[in-house]
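**Q** Sharing a structure here in structure tokens format.
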Amino acid sequence: MQYDPIKRVLGDAFNKTPFLRRVFYKLLDLLLLRTWHVHKELREWAEGRRDKEQYILDAGSGFGQYTYYLSGMSRKWSILAVDVKEEQISDSNCFIRAIGRHNVLFRIADLVQYREPKSYDLILSVDVMEHILEDVEVFRNFQASLRPGGMLVISTPSDQGGSDVNGDDEASFIEEHVRDGYNIQEIQDKLKLAGFSKVKARYSYGKPGQLSWRLSMKYPLLMLNASKIFFLLLPFYYLITFPVSLVLNWMDVNGNHKSGTGLIVKAWK
Numbered sequence: 005m006q007y008d009p010i011k012r013v014l015g016d017a018f019n020k021t022p023f024l025r026r027v028f029y030k031l032l033d034l035l036l037l038r039t040w041h042v043h044k045e046l047r048e049w050a051e052g053r054r055d056k057e058q059y060i061l062d063a064g065s066g067f068g069q070y071t072y073y074l075s076g077m078s079r080k081w082s083i084l085a086v087d088v089k090e091e092q093i094s095d096s097n098c099f100i101r102a103i104g105r106h107n108v109l110f111r112i113a114d115l116v117q118y119r120e121p122k123s124y125d126l127i128l129s130v131d132v133m134e135h136i137l138e139d140v141e142v143f144r145n146f147q148a149s150l151r152p153g154g155m156l157v158i159s160t161p162s163d164q165g166g167s168d169v170n171g172d173d174e175a176s177f178i179e180e181h182v183r184d185g186y187n188i189q190e191i192q193d194k195l196k197l198a199g200f201s202k203v204k205a206r207y208s209y210g211k212p213g214q215l216s217w218r219l220s221m222k223y224p225l226l227m228l229n230a231s232k233i234f235f236l237l238l239p240f241y242y243l244i245t246f247p248v249s250l251v252l253n254w255m256d257v258n259g260n261h262k263s264g265t266g267l268i269v270k271a272w273k
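To convert, note that position 62 of the sequence shown is 66 in this note's numbering; the numbers rise steadily by one, no gaps.
What follows is the structure, encoded as structure tokens:
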């Protein structure tokens with residue numbers, strides 16, 4: 005299905021006021037399992053750093069929800085958020101200025117070309133690499149842009165059913181993906197090839213997460229893709245499924261998975 009048109013509709017609906025955009029971010033935080041996993045990693049990284057100056061790159065910022073989350077953790081942190089979509093960058097800059105967070109800047113940039121040597125303590129890349137064919141080049145840019153000891157955090161689909169692909173004859177649920185998912189060893193090897201000294205990867209979206217994703221994201225998106233009238237039915241749908249999805253998300257974040265449709269990867273310079 006075409007995922008971007010649905011995202012544009014949601015973005016337009018919640019971009020009318022700063023309050024609605026905050027509500028949108030909170031809904032994403034609750035519903036998206038990847039957000040639960042990413043926030044967990046960010047909280048661990050933030051330990052002992054909240055009172056120190058840190059420079060952060062949100063590489064592929066999308067709606068800007070992770071930049072918003074990071075900017076609320078410490079005013080001493082400086083955050084640059086980049087994306088290739090001009091409209092999202094413009095909307096995010098207007099929002100972040102409206103709420104008075106002056107430690108953040110959104111800018112248009114192509115990650116295949118973007119490189120700022122030894123500039124960042126943390127680089128975050130959430131659901132981005134599955135959209136970029138030249139992944140090793142991007143990893144090299146990340147490695148060069150990190151300061152010594154800096155860390156890269158990646159969230160991306162795995163090859164164990166990522167993008168909801170379960171066989172060679174199936175197409176990606178999200179047509180904008182250039183790859184269905186990474187093999188866990190493949191992405192670690194590519195990061196080491198790009199120059200990272202240490203890499204760790206783990207599965208996300210185990211069995212609880214896969215069920216939660218279908219309930220909270222896949223089925224609603226399929227309905228919205230069929231007809232926008234389903235916007236009117238979504239509150240009633242989530243009234244039933246939301247409590248179940250919360251429990252499943254908690255189980256996924258706090259469990260160890262031998263396999264999963266997502267990957268959380270950390271790499272250090």
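Backbone N, C-alpha and C fix where the C-beta goes; we use that ideal spot for every residue, glycine too.
1) DSSP on I103, reduced to helix/strand/coil?
2) Would V140 and A198 qualify as a contact pair, given that the criterion is a beta-carbon distance under 7 Å?
3) Where do the ends of the beta strand (DSSP E) carrying P161 lie?
4) P212: buried (16+ other C-beta within 10 angstroms of its C-beta) or exposed?
5) So L137 packs on A63, CB below 8 Å; how close in whole Å?
6) So which of D163, T265, L195 and H135 has the shortest CA-CA distance to V157?
7) CB-CB under 7 Å to N170, same chain, minus the five flanking residues each way: which ones, in chain order?
8) With 16 other CB atoms within 10 Å as the buried threshold, where does T21 fall?
9) Is it the case that the stretch 44–51 contacts the stretch 217–227, given that we only count it when at least three CB pairs across the two stretches are under 8 Å?
10) Report the residue from R218, A230, W272 and G264 whose alpha carbon sits nearest the alpha carbon of V248.
11) Can you tell me whether I201 is helix, strand or coil according to DSSP?
12) By how many angstroms is the C-alpha of A113 removed from the C-alpha of S82?
13) Mind checking if L243 is an interface residue toward chain B, Cβ cutoff 7 Å exclusive?
14) Pull up the distance between the alpha-carbon of G210 and that of L34, whole angstroms please.
15) Does G266 come out as helix, strand or coil in the three-state DSSP assignment?
16) Quick one, which of Y118, L84 and V132 has its alpha-carbon nearest F110's?
17) Does L238 pass the burial test, meaning 16 or more other C-beta atoms within 10 Å, or should it be called exposed?
18) Taking Cβ to Cβ, would you say V269 is nearer than 7 Å to V130?
19) Return the residue from the list I100, Q92 and Q147 that minimises the CA-CA distance to Y118.
20) For L137, does the three-state DSSP call read helix, strand or coil?
21) In chain order, which beta strand (DSSP E) runs of at least 3 residues are fully inside the stretch 63–94?
22) Which residue comes first and which comes last in the beta strand (DSSP E) that contains S129?
23) Whole angstroms are fine: how far does the CA of F240 sit from the CA of N145?
**A** According to the data block:
1) coil
2) yes
3) L150 to P161
4) buried
5) Going by Cβ atoms, the distance from L137 to A63 rounds to 16 Å, so no, they are not a contact pair.
6) L195
7) Bear in mind that a pLDDT of 48 at N170, under 50, signals an unreliable position, so the model cannot answer this.
8) exposed
9) no
10) R218
11) One detail in the question is off: residue 201 reads as Ser in this sequence, not Ile. Residue state, collapsed to three classes: coil.
12) 17 Å
13) Included in the structure is just one protein chain, with no chain B present.
14) 18 Å
15) strand
16) L84
17) exposed
18) no
19) Q147
20) coil
21) 81–87
22) Y124 to V130
23) 45 Å
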